[in-house]
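Peer 1: Numbering (the numbering used here), first residue to last: 375 to 543.
Even glycine gets a Cβ: it sits at the ideal position worked out from N, Cα and C.
1. Assign residue 494 to buried or exposed, taking buried as 16 or more other Cβ atoms, counted over all protein chains shown, within 10 Å of its Cβ.
2. State the DSSP-derived secondary structure class of residue 445, mapped to helix, strand or coil.
3. Find out if the Cβ-Cβ distance for the pair residue 477, residue 500 is shorter than 7 Å.
4. Measure from the alpha carbon of residue 320 to the alpha carbon of each residue in 485, 492, 447, then state which is nearest.
5. In angstroms with no decimal places, state the Cα-to-Cα distance between residue 516 and residue 504.
6. Give the range of the beta strand (DSSP E) segment to which residue 480 is assigned.
7. Using a 10 Å radius around the Cβ and a threshold of 16 neighbouring Cβ atoms, would you call residue 426 buried or exposed?
8. Quick one: give me the first and last residue of the alpha helix (DSSP H) that residue 537 is part of.
9. Put residue 414 into one of helix, strand or coil per three-state DSSP.
10. With DSSP collapsed to three states, give me the class of residue 499.
11. What do you reckon, are the CB atoms on residue 420 and residue 481 nearer than 7 Å?
12. Out of curiosity, what's the CA-to-CA distance linking residue 430 and residue 396?
13. Assign residue 380 to one of three DSSP states: helix, strand, or coil.
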């Protein structure tokens with residue numbers, strides 16, 4: 375798996391964002407039985423930066439915590455056979471890796487939400503990566519039952535990685 379992390383605002387965290395994003399992404403893909411090596415892009419920005427992306431790509435002129443841009447049009451969550459039907463668009467020609475998609479995170483929201491929920495920045499960052507990775511795997515939370523599935527999967531991933539709600543920053 376290849377995870378690219380671009381920190382466009384050069385912010386610092388009390389953990390290594392590449393390490394945490396890679397651990398979480400790998401755990402999600404293992405849990406979802408992804409049969410491919412994958413490529414994921416993570417962009418760290420601030421509230422103003424994510425507001426621009428949200429406005430440009432979703433026509434919503436407001437900041438948010440995370441945006442997910444899947445590269446695969448899933449018919450069913452985690453049915454990776456959809457990638458095979460669009461092989462030229464879904465696989466990196468040089469590495470052969472499945473290009474799963476892009477994640478954009480607001481560092482401002484990571485910090486604010488960690489404080490609001492009483493846990494570490496690492497936990498909040500990992501939670502947002504797990505949430506976004508599930509979107510990249512075709513999950514959504516528009517209906518209550520979909521949201522419940524995502525919440526259960528997110529908690530299971532973070533528990534498995536022992537990224538708890540305890541404050542460790």
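Peer 2: The short version:
1. By one-based count along the chain shown, residue 494 stands at place 120. Here residue 494 is buried, its C-beta having at least 16 other C-beta atoms within 10 Å.
2. Position 71 of the chain shown, counting from 1, holds the residue named residue 445. Note: residue 445 maps to coil in three-state DSSP.
3. The count along the chain shown starts at 1 and reaches residue 477 at position 103. The count along the chain shown starts at 1 and reaches residue 500 at position 126. Against a cut-off of 7 Å, the Cβ pair of residue 500 and residue 477 comes out as no contact.
4. As shown, the chain starts at 375 and ends at 543. That puts residue 320 outside it, with no answer to give.
5. Counted from its first residue, the chain shown places residue 516 at position 142. Counted from its first residue, the chain shown places residue 504 at position 130. Residue 516 and residue 504 have their C-alpha atoms roughly 17 Å apart.
6. Within the chain shown, the letter at position 106 stands for residue 480. Here the beta strand (DSSP E) through residue 480 covers 472 to 480.
7. Against the chain shown, residue 426 aligns to sequence position 52. Its Cβ having fewer than 16 others within 10 Å, residue 426 is exposed.
8. One-based indexing of the chain shown puts residue 537 at position 163. It is not in any alpha helix (DSSP H) - residue 537 carries neither H nor E in the DSSP assignment.
9. In the chain shown, counting from the first residue as 1, residue 414 sits at position 40. Strand.
10. To locate residue 499, count along the chain shown from 1; it is residue 125. Residue state, collapsed to three classes: helix.
11. The residue given as residue 420 occupies position 46 in the chain shown. The residue given as residue 481 occupies position 107 in the chain shown. Cβ distance < 7 Å, so residue 420 and residue 481 count as in contact.
12. Within the chain shown, numbered from 1, the residue matching residue 430 stands at position 56. Within the chain shown, numbered from 1, the residue matching residue 396 stands at position 22. Cα to Cα, the separation comes out at about 27 Å.
13. Locating residue 380 in the chain shown gives position 6, counting from the first residue. Residue 380: strand per DSSP, three-state reduction.
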